[in-house]
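The block underneath contains the structure these notes are about, expressed in structure tokens.
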Amino acid sequence: MTFHRFVALGDSFTEGVGDPDETRPNGVRGWADRVAEVLAGDDFTYANLAIRGRKLLPIVDEQIEPAVAMSPDLVSIYAGANDVLRPRIDVDVLIEAYDAAIGRLTGAGALVVMFTAYDPGGSPVFGALRGRFAIYNELVREVADRHGATLVDFWRLRDYRDDRLWDGDKMHMSAAGHQRMAIAVLDALGVDHDLAPLRLDERPVLSASDRRAANLEWARSHAGPWVKRRLTGTSSGDGLAPRWPQLAPVVAAG
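The sequence shown: position 185 = 185 (full-length UniProt numbering), numbered continuously.
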């Protein structure tokens, strides 16, 4: 399958947070850049409108029409996880808006790639929200089925139980996680590629006191600021612009 105009939409998952590359806008690379590098050819351009911290309705309001204006033949969109993490949500309102957005994209002629959210069942931090994520994901599957979208079922990718596929904040994928997701997207699209999982470091052996110290450091460095943003109504994406706001040839990895 050959694509010519790929536009990636969403939040930190698609922006590339957790996959650092200081040579790129916002200092990250991510799975979407990795996919675009595989798809790149003489007549291929790529845009990435995703911004970290964005919830579903702002993604729909801010990113769908600019994407449609680019006449893409391939669009990826990941949205909703930031909403599900909030204390209270109306999942039916979210899905109604998501359904309309996917219909707009497919109606414009794009092949759309959607994602379920990760299964947090093994997480001591977010495990309590597993039921809410399961409900949301099943509704996302229904939207994908209704519009003929290609679905990457993150919930069912069991290798993400390995914490080495996650960044130190326990919320975003690491470089290895982004590489694994790029492989999953290309496989779902039926695109031939030679991407392979990144080599993982050996797991450190930690004593009980080391684990306690690591958990305290995580709470101070990541959990605390995350909670503060929720309480103050701010976002990690405030003040950031899309990394690749217009279709352009792909920047190759350095």
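Here a beta-carbon is modelled for each residue, glycine too, at the ideal position from N, C-alpha and C.
**Report entry** Residue burial classification, Q246 (beta-carbon count within 10 angstroms, cutoff 16)
**Finding:** The residue in question, Q246, is exposed, as its Cβ has fewer than 16 Cβ neighbours within 10 Å.
Report task. Rounded to whole angstroms, what's the CA-CA distance from I95 to H178? Just pull it up for me. Result -> When rounded, the distance between both Cα atoms is 26 Å.
Report task. Could you pull out every unbroken alpha helix (DSSP H) segment of at least 4 residues lying fully inside the stretch 5 to 71, listed in chain order? Result -> Entirely contained in the stretch 5 to 71, the alpha helix (DSSP H) runs reaching 4 residues are, in chain order, 12 to 15, 30 to 39, 56 to 69.
Query raised in the report: In angstroms, rounded to a whole number, what distance separates the CA positions of D61 and G10?
Result: Cα to Cα, the separation comes out at about 11 Å.
Query raised in the report: Would you call the CB atoms of A117 and G80 closer than 8 Å?
Result: Going by C-beta atoms, A117 is nearer than 8 Å to G80.
Query - Whole-angstrom distance between P242 and D43, CA atom to CA atom - result: Approximately 22 Å, taken between the alpha carbons.
Query - Straight-line gap, R130 to D167 (C-alpha atoms, nearest Å) - result: About 20 Å.
Query raised in the report: Based on Cα-Cα distance, which residue from D194, A101, V17, D73 lies nearest to H147?
Result: Nearest C-alpha to H147: A101.
**Report entry** Separation of A50 from A208, as counted between CA atoms
**Finding:** One Cα belongs to A208, the other to A50, and the distance between them is close to 39 Å.
Query raised in the report: If you drop the 5 nearest sequence neighbours on each side, which residues of the same chain put their C-beta closer than 7 Å to that of E156?
Result: Before going further, note that residue 156 is Arg rather than Glu in the sequence given. No residues qualify anywhere along the chain.
Query raised in the report: According to DSSP, is T116 helix, strand or coil?
Result: Three-state DSSP puts T116 in coil, outside helix and strand.
Query raised in the report: Considering T150, what are the terminal residues of the beta strand (DSSP E) in which it resides?
Result: For T150, the uninterrupted beta strand (DSSP E) segment begins and ends at 150 to 152.
Query - Neighbour-count burial assignment, L165, 16 or more Cβ in a 10 Å radius - result: Buried, since its Cβ has 16 or more Cβ neighbours within 10 Å.
Query raised in the report: By Cβ distance below 6 Å, which residues in the same chain neighbour Q63 in space, the five residues on each side in sequence not counted?
Result: If we look at Q63 and ignore the five residues flanking it on each side, its Cβ neighbours are L9, L49.
**Report entry** Spatially closest choice to V75 from F115, L105, A144, R24, by CA coordinates
**Finding:** Nearest of F115, L105, A144, R24 to V75, Cα basis: L105.
Report task. Output the boundary residues of the beta strand (DSSP E) element that contains I135. Result -> First-last for I135: 130 to 147, but that is the alpha helix (DSSP H), not the beta strand (DSSP E).
Report task. May I ask you to report which of helix, strand or coil DSSP gives M171? Result -> Looking at M171 - three-state DSSP - the assignment turns out to be coil, as it is neither helix nor strand.
**Report entry** Residue from R34, H4, G121, D169 whose Cα sits closest to the Cα of R158
**Finding:** Measuring from the Cα of R158, the nearest candidate turns out to be G121.
Query - Residues that DSSP places opposite L105 in a beta bridge - result: None; L105 has no bridge partner.
Query raised in the report: In this structure, what does DSSP give as the bridge partners for A253?
Result: According to DSSP, A253 bridges with nothing at all.
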